[in-house]
Amino acid sequence: MAEKIVYQRPKSWVEGVHSHYCPGCTHGIIHRMLCETLDELYIQDITTGVAPVGCAALMYGYIDTDFIEAPHGRAPAVATGFKRIRPDRLIFTYQGDGDLASIGMAEIVHAANRSENITVIFVNNAIYGMTGGQMAPTTLLGQKTTTTQSGRDPLRAGYPIRMSELLASLASPCYIERVSAAKPSHLNGLKKAIRKAFKNQMENKGFSFVEVLSTCPTNWGMRPTDACDWLVNNMIPYYPLGVFKDFE
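Take the sequence shown: its position 139, counting from 1, is numbered 180 in our numbering, and each next residue is one higher.
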C-alpha cells in the first residue's frame with residue numbers, strides 16, 4: 042500500500058533552505074502560509090514580492106518567487122509602480138509594524154486610499170525586532186521595550202495605532218482583516234485571509250490588507266510558548282481579530 046503524503050515542503054519554498062528566525066518567531070509560519078497559498082492558487086510564476094527593511098528583509102531567500110527590495114517604509118510605493126507597469130503580475134508587500142506604521146505610514150495610507158490593486162501582509166509584533174527591541178507604533182500601553190524601560194506611557198508616546206481600523210475608515214480599500222499566527226487554531230484563518238487577498242487582486246478588486254499578529258520572543262524576553270500566550274492574552278484584546286472591510 043502506497044504511503045499517503047500529508048505534509049511536505051511547499052513547492053514555492055526554496056529547497057534545502059532552513060529558517061534563520063529566532064526560536065518561536067512566527068515569521069516562518071507566515072512564510073509557509075504564503076507559500077502554500079501560492080502553490081494552491083498556481084500563481085508562483087506570476088508573483089512578485091516586495092521585501093523592505095526589518096526581520097523579514099531576507100524572506101526572498103525562502104520564497105521562490107521574484108522579489109524587489111524597497112527602501113524603509115516604501116514598499117507600497119514600489120508595489121504601486123510595479124503593478125501599474127505590469128498589471129499581469131501579482132504583487133505583495135510583506136512589512137513589519139515599524140516599517141509600515143512608522144516611517145511608511147504615509148505610503149500605506151495613500152496606497153489604500155487609492156485602492157491600488159496590491160496585496161499587503163502586515164506583521165504586527167508590537168516591537169522593533171531587527172534593530173534591538175525599541176518601541177513601535179503598535180507597542181501596547183505599559184509594554185516594556187529598550188526605549189520604554191518603564192512601559193509605554195500614553196502621555197509621552199501616545200496610544201498604540203490600530204492599523205486595520207485606521208485603514209478601514211477610508212472609503213476605498215477592498216478588504217481588510219486581522220488574523221493571528223500565535224496558535225495552531227489560528228492558522229486556518231491566517232491562510233484563508235491571505236488567499237482571499239490574493240484572489241481579490243487576481244479579480245482586480247483593489248487594495249487588500251492582511252494584518253497578522255505575530256510574536257517576538259527574543260525582544261519580549263519570553264520563552265516561545267509564553268510569547269504565544271502573551272499575544273493571545275494581551276494583543277488580541279487590544280487588536281481584535283476579524284474582518285474590518287470586505288467589498289463582498
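Ideal Cβ placement from N, Cα and C applies to all residues, glycine included.
Since we're looking at a predicted model, the values are computed, not measured.
Point to revise | Proximal residues to G139 (C-beta, below 7 angstroms), its chain only, five neighbours per side dropped | key: The residue labelled residue 139 in the question sits at position 98 within the sequence shown. So the list reads G95, Y169, A177, once near-sequence residues are dropped.
Point to revise | Cβ contact (3+ pairs, closer than 8 angstroms) linking the region 263–278 and the region 222–240 | key: Note that the region 263–278 touches the region 222–240; at least 3 beta-carbon pairs, one per stretch, sit closer than 8 angstroms.
Practice item. Would you decide whether I70 is buried or exposed? Buried here means 16 or more other CB atoms lie within 10 Å of its CB. Key: Looking up residue 70 in the sequence shown gives position 29. Buried, by the Cβ-count rule.
Review point. Anyone know if the C-beta pair for V253 and V164 falls short of 7 angstroms?
Key: What you label residue 253 is simply residue 212 of the sequence shown in a count that begins at 1. What you label residue 164 is simply residue 123 of the sequence shown in a count that begins at 1. Closer than 7 angstroms, so yes.
Check your understanding: On the three-pair Cβ rule with 8 angstroms, is the region 231–246 touching the region 187–194?
Key -> Verdict: no, contact absent.
Check your understanding: DSSP three-state call for E44: helix, strand or coil?
Key -> Taking the first residue of the sequence shown as 1, we reach residue 44 at position 3. Three-state result, E44: coil.
Review point. Grouping DSSP H, G and I as helix and E and B as strand, with all else coil, what is Q19?
Key: Given a span of 42 to 289 for the chain in the structure shown, any question on residue 19 remains unanswerable.
Check your understanding: Is I126 buried or exposed, if buried means 16 or more other CB atoms sit within 10 Å of its CB?
Key -> Along the sequence shown, read from residue 1 onward, the residue named residue 126 stands at position 85. Under this definition I126 is an exposed residue.
Point to revise | Residue range of the unbroken alpha helix (DSSP H) whose run includes T78 | key: For the purposes of this step, residue 78 is identified with residue 37 of the sequence shown, where counting begins at 1. T78 -> alpha helix (DSSP H) spans 68–82.
Exercise for review: Tell me, please, which residues DSSP counts as bridged to I221.
Suggested key: The count along the sequence shown starts at 1 and reaches residue 221 at position 180. The question names Ile, but residue 221 is Ser in the sequence shown. Answer by DSSP bridge pairing, in chain order: L254.
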